[in-house]
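Colleague: Residue numbering for the first sequence follows UniProt numbering, beginning at 1 and increasing consecutively.
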Amino acid sequence: MSDFADRLTRWQRLHGRHDLPWQVADPYRVWLSEVMLQQTQVGTVIPYYQRFVTTFPDVATLAAAPLDEVLAHWAGLGYYSRARNLHAAAQKVMTYFGGVFPRSAQLLETLPGIGRSTSAAVAGFCYGERVAILDGNVKRVLSRWAGIAGFPGEKAVEKQLWALAESLLPVSETDMPAFTQGMMDLGATLCTRSKPQCQPCPLRGDCRARLEDCTAELPARKPKKSVPERETYMLLLRHQGRWLLQKRPPTGIWGGLWSLPETAAIDAGIAYCQDRLGLRVELAEALPELVHTFTHFRLTISPLVLDVLEMDARVAEDDHAWFTRSDALQAGIPTPVRKLLQLV
DNA sequence: AACTCGGGGTA
DNA sequence: TACCCAGAGTT
1 MSDFADRLTR WQRLHGRHDL PWQVADPYRV WLSEVMLQQT QVGTVIPYYQ RFVTTFPDVA
61 TLAAAPLDEV LAHWAGLGYY SRARNLHAAA QKVMTYFGGV FPRSAQLLET LPGIGRSTSA
121 AVAGFCYGER VAILDGNVKR VLSRWAGIAG FPGEKAVEKQ LWALAESLLP VSETDMPAFT
181 QGMMDLGATL CTRSKPQCQP CPLRGDCRAR LEDCTAELPA RKPKKSVPER ETYMLLLRHQ
241 GRWLLQKRPP TGIWGGLWSL PETAAIDAGI AYCQDRLGLR VELAEALPEL VHTFTHFRLT
301 ISPLVLDVLE MDARVAEDDH AWFTRSDALQ AGIPTPVRKL LQLV
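1. Is the segment 25-40 in contact with the segment 84-101, if contact means three or more CB pairs nearer than 8 Å?
2. Please look up how many angstroms separate the CB atoms of ARG221 and CYS191, rounded, as I've assumed it's under 8 Å.
3. Taking its Cβ as the centre, do 16 or more other Cβ atoms sit within 10 Å of SER117, making it buried, or is it exposed?
4. Secondary structure at ILE301, three-state DSSP: helix, strand or coil?
5. Note the first and the last residue of the continuous beta strand (DSSP E) segment covering HIS320.
6. Going by beta carbon distance, what residues of the same chain come within less than 6 Å of ASP206, once the five residues before and after it are set aside?
7. Hey, could you find the ends of the alpha helix (DSSP H) ARG338 is sitting in?
8. For LEU244, which of GLU109, GLY115, GLU317 and ILE46 has the nearest alpha-carbon?
9. For ASP233, report the span of its beta strand (DSSP E) as first-last.
10. For the structure I just gave you, are there three or more beta carbon pairs, one from the segment 250-261 and one from the segment 67-81, closer than 8 Å?
11. May I ask you to list the residues that DSSP assigns as paired with LYS247?
12. Alpha carbon to alpha carbon, how far is SER10 from THR55?
13. Identify which residue in PHE52, CYS126 and TRP31 has its Cα closest to the Cα of residue 380.
14. Which residue spans inside the segment 11-56 form an unbroken alpha helix (DSSP H) run of at least 4?
15. Is the beta carbon of HIS292 closer than 8 Å to that of PRO249?
16. In the DSSP output, what is GLN306 paired with across the bridge?
17. How is the beta strand (DSSP E) around VAL291 delimited, first residue to last?
18. Are there 16 or more other CB atoms within 10 angstroms of the CB of GLY332, so buried, or fewer, so exposed?
19. Assign GLY187 to one of two classes, buried (16 or more other C-beta atoms within 10 Å of its C-beta) or exposed (fewer than that).
20. Could you have a look at ARG208 and say whether DSSP puts it in helix, strand or coil?
21. Excluding the 5 residues flanking ASP312 on each side, which residues of the same chain have their C-beta closer than 7 Å to its C-beta?
22. Could you give the distance in angstroms between the alpha-carbon of GLU231 and the alpha-carbon of ILE46?
23. Give a yes or no on contact between the segment 208-228 and the segment 281-290, applying the rule of three or more CB pairs nearer than 8 Å.
24. Anyone know if the C-beta pair for GLY16 and ASP185 falls short of 8 Å?
25. Excluding five sequence neighbours on each side, which residues of the same chain lie with their C-beta closer than 8 Å to the C-beta of PHE297?
26. Straight-line CA distance for ILE301 to THR40?
27. Identify, in the order they occur along the chain, each residue of the same chain with its Cβ nearer than 6 Å to the Cβ of ALA264, setting aside the five sequence neighbours on each side.
28. Can you tell me which of VAL308, LEU236 and THR95 puts its alpha carbon nearest to the alpha carbon of VAL344?
29. Does the distance from the C-beta atom of CYS198 to that of ARG208 stay below 8 Å?
30. With burial defined as no fewer than 16 other Cβ atoms inside 10 Å of the residue's Cβ, what is the status of VAL315: buried or exposed?
31. Would you say residue 352 and TRP162 are within 8 Å of each other, going by their C-beta atoms?
32. Enumerate in chain order the residues of its own chain whose CB-to-CB distance from GLU52 is below 7 Å, with the five nearest sequence positions on each side excluded.
Right under this line is the structure:
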């Protein structure tokens, strides 16, 4: 019986995925894809990736672009700190590494947004460096193959999985790209969360979960937790065919994106318009509530359409701007804001 | 160690 | 509905 790495790399070369758009000899594109794929499925990423590389074909172009334009291409993909870190990392590659991508996982990990797994993926794919990845696919494959019962999000279990992943690396650097891709491909195509296809799996001979018939129980589910509820009003301020958007602070939810002004109550919203924005407004319409679910809370949005009757001559603050509906939809805006602007 | 950070796919 | 997805950064 050949060992784990041999079986996996052989399987990947014969039956793995070879036509993904980021399977190219370009560390910039591999890096971009790995960041986009953090906590995001392949099918979701592909159209974003295509648009992104068309606009930003290399690290120098990305580094020179305004952050707003980068965020506009990321809007809808989620986890917007990834876009900010990507932009900052591109600038660091230009200024600190002379425009050349770092050639080791250790150096790659010094770039913002690149952690242990992403650095290993880029180094393994592009340079053949013998470093292990540990993403959702690998956690599932290894917890089943080794019969590890604990929840992979738990520190001790994760540490065990990292050690196991490192112990299974191929001896030869030339096998690293196929091995790394094989771990991902196996988890994505055969060793799926539900109804895994064990029959064609190259690891079925010594897979503990398969031998003990417990693939459905591994990996362990995330412990349940109640999801907090929050609510807010979003103000759709209309003035001469334009809508007022407000740039969110760089950190926190929807960081750096253009969004709608929010208030906790209708009265406070009207007062906010008067006192802070210098607008005299009239309530035109209350749109139906919109429920938006995040990973860690649920947000109920009550949208209010307000007509602007009068505007102060005062200079608008930097973080506010009037957008046509069309321009707003092309800017970096959160998904629920996009849905609202498409209604009005 | 626990929490923050999106949005969509899927059973 | 609830969990998961080519995780990283902060507290």
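The C-beta atom is built at its ideal place from N, Cα and C for all residues, glycine as well.
Modeller: Let me lay it out:
1. yes
2. Rounded, the Cβ-Cβ distance is 16 Å, inconsistent with contact.
3. buried
4. strand
5. 320-324
6. none
7. 335-343
8. GLU317
9. According to the sequence displayed, residue 233 carries Tyr and not Asp. Its beta strand (DSSP E) spans residues 229-239.
10. yes
11. TRP258
12. The residue asked about is misnamed: residue 10 is Arg in this sequence, not Ser. The alpha-carbon atoms of ARG10 and THR55 are separated by roughly 36 Å.
13. This structure cannot speak to residue 380, because the chain is shown only from 1 to 344.
14. 27-36 and 42-55
15. no
16. Going by the sequence as given, residue 306 is Leu instead of Gln. Answer is LEU237 and LEU283.
17. 290-293
18. buried
19. buried
20. helix
21. GLY278
22. 33 Å
23. no
24. yes
25. VAL227, PRO228, GLU229 and ARG230
26. 25 Å
27. none
28. LEU236
29. no
30. Unreliable positioning characterises VAL315 in this predicted model, as indicated by a pLDDT of 48, which lies under 50. The coordinate reading is nonetheless provided below. By the neighbour-count rule (16 or more Cβ atoms within 10 Å), VAL315 is not buried but exposed.
31. In the structure as shown, the chain begins at 1 and stops at 344. Residue 352 is therefore absent and cannot be evaluated.
32. Sequence inspection shows Phe at residue 52; the Glu mentioned does not correspond to that position. Counting only Cβ-Cβ distances below 7 Å, and skipping sequence neighbours, we find LEU32 and HIS73.
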